[in-house]
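Right, one structure below, let's go through it.
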Amino acid sequence: MSKSIILPLLMIFSILTIASCIDDKCAACQAVADEIEIGLAKEKPRNHVDLRHRLDSKGQREGKLIDYRMSELRVVELLDGLCDKMQDYTLEKVDSTTQLWVKVPSWETVANKQEAKAYAKDISSYCGRLLEETEDELTESIKKGDVKVGGVSKVLCQDLSKHCKRAPLQAGDNDVESKEEL
Numbered sequence: 003m004s005k006s007i008i009l010p011l012l013m014i015f016s017i018l019t020i021a022s023c024i025d026d027k028c029a030a031c032q033a034v035a036d037e038i039e040i041g042l043a044k045e046k047p048r049n050h051v052d053l054r055h056r057l058d059s060k061g062q063r064e065g066k067l068i069d070y071r072m073s074e075l076r077v078v079e080l081l082d083g084l085c086d087k088m089q090d091y092t093l094e095k096v097d098s099t100t101q102l103w104v105k106v107p108s109w110e111t112v113a114n115k116q117e118a119k120a121y122a123k124d125i126s127s128y129c130g131r132l133l134e135e136t137e138d139e140l141t142e143s144i145k146k147g148d149v150k151v152g153g154v155s156k157v158l159c160q161d162l163s164k165h166c167k168r169a170p171l172q173a174g175d176n177d178v179e180s181k182e183e184l
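For the sequence shown, this note's numbering begins at 3 and goes up steadily by one.
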């Protein structure tokens, strides 16, 4: 084959490889949602954002006073650096069929650092793609107040990205299954 055909084929292959490096997009999305939840939980009450910087002819300040919870500033502070924080996550094998994304407390305790760091890069890249795909809708959801601690994964992973079909089972959710059987 000529070089003109090989180069585009290699580029397509590398793009497909990068795009498919996350097998379980739902689990990865849950990890990103968990990190957003950590940010929400650490939020401190803030005053309104004061955009009244101009003075009118009478010396009175003009402009808007915006509730911090509805502000673009809050969204930026929540999402800024989020994907860099995802580099602290790696894929942990639970059993032969299940793997979970977990936050690594210390890279010194990880058995196979090279593989773990590769997974960390994968989820960080995934995070970037996820935010790029859902940024506008996620921003609006945060500003409307739809994104709250305990509900991030539903909004991000089910409603916006559609990477999860339904919420994962939480402790105590086994009661739902037993009710369905009756």
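Every residue, glycine too, gets a C-beta built ideally from N, C-alpha and C.
Go to T92, then tell me how far its beta strand (DSSP E) extends in each direction, as first and last residue.
Locating residue 92 in the sequence shown gives position 90, where the first residue counts as 1. Unbroken beta strand (DSSP E) run through T92: Y91 to K95.
Take the Cβ of H165 as the centre, count every other Cβ of all protein chains shown within 10 Å, and call the residue buried at 16 or more, exposed below.
Here the question's residue 165 lines up with position 163 in the sequence shown. When all chains shown are included, H165 counts as buried.
Could you tell me which of G41, Q116, V34 and L81 sits nearest to T141, measuring between CA atoms?
Here residue 141 refers to the residue found at position 139 when the sequence shown is read from its first residue. Of the listed residues, the one whose Cα sits closest to T141 is L81.
Quick check for students: name the residue ranges of the alpha helix (DSSP H) that lie wholly in the segment 100 to 146, counting only runs of 4 or more.
115 to 146
Can you give me the start and stop residues for the alpha helix (DSSP H) that E45 sits inside?
Translated into the one-based positions of the sequence shown, residue 45 becomes position 43. Unbroken run through E45: none, as it is neither H nor E.
Residues that R63 bridges to, as DSSP identifies them
On the sequence shown, position 61 is the one that residue 63 refers to. According to DSSP, which records beta bridges pairwise, R63 is partnered with L57.
Short Cβ contact (8 Å threshold) for T136 with V112
Numbered from its first residue, the sequence shown carries residue 136 at position 134. Numbered from its first residue, the sequence shown carries residue 112 at position 110. No. Outside cutoff.
Going by C-alpha to C-alpha distance, which of Y121, A30, E74 and K44 sits closest to I144?
The residue labelled residue 144 in the question sits at position 142 within the sequence shown. The residue with the shortest Cα to Cα distance from I144 is E74.
Burial state of V154 (16 or more Cβ within 10 Å):
In the sequence shown, counting from the first residue as 1, residue 154 sits at position 152. Buried, by the Cβ-count rule.
Tell me the DSSP secondary structure of P170 in three-state form.
In the sequence shown, residue 170 corresponds to position 168, counting from 1. Because P170 sits at a pLDDT of 49, beneath the cut-off of 50, its placement in the model cannot be relied upon, and the following sentence gives the value as read from the coordinates. Coil at P170, not helix or strand.
Output the distance between the C-alpha atoms of K27 and L57, rounded to the nearest integer angstrom.
If you number the sequence shown from 1, residue 27 lands on position 25. If you number the sequence shown from 1, residue 57 lands on position 55. Those two C-alpha atoms are separated by around 51 Å.
Could you spell out the range, first to last residue, of the alpha helix (DSSP H) harbouring D86?
Indexing the sequence shown from 1 puts residue 86 at position 84. Unbroken alpha helix (DSSP H) run through D86: L84 to K87.
Alpha carbon to alpha carbon, how far is Q32 from E110?
Position 30 of the sequence shown, counting from 1, holds the residue named residue 32. Position 108 of the sequence shown, counting from 1, holds the residue named residue 110. Using only the alpha carbons, I get a separation of about 25 Å.
Sheet register partners of I38 (DSSP bridge):
Taking the first residue of the sequence shown as 1, we reach residue 38 at position 36. BP columns for I38 are empty, so no partner.
Using CA atoms only, rank isn't needed, just tell me which of D124, M88 and K123 is closest to P107.
Position 105 of the sequence shown, counted from the start, is the residue given in the question as residue 107. Closest option to P107, Cα to Cα, is M88.
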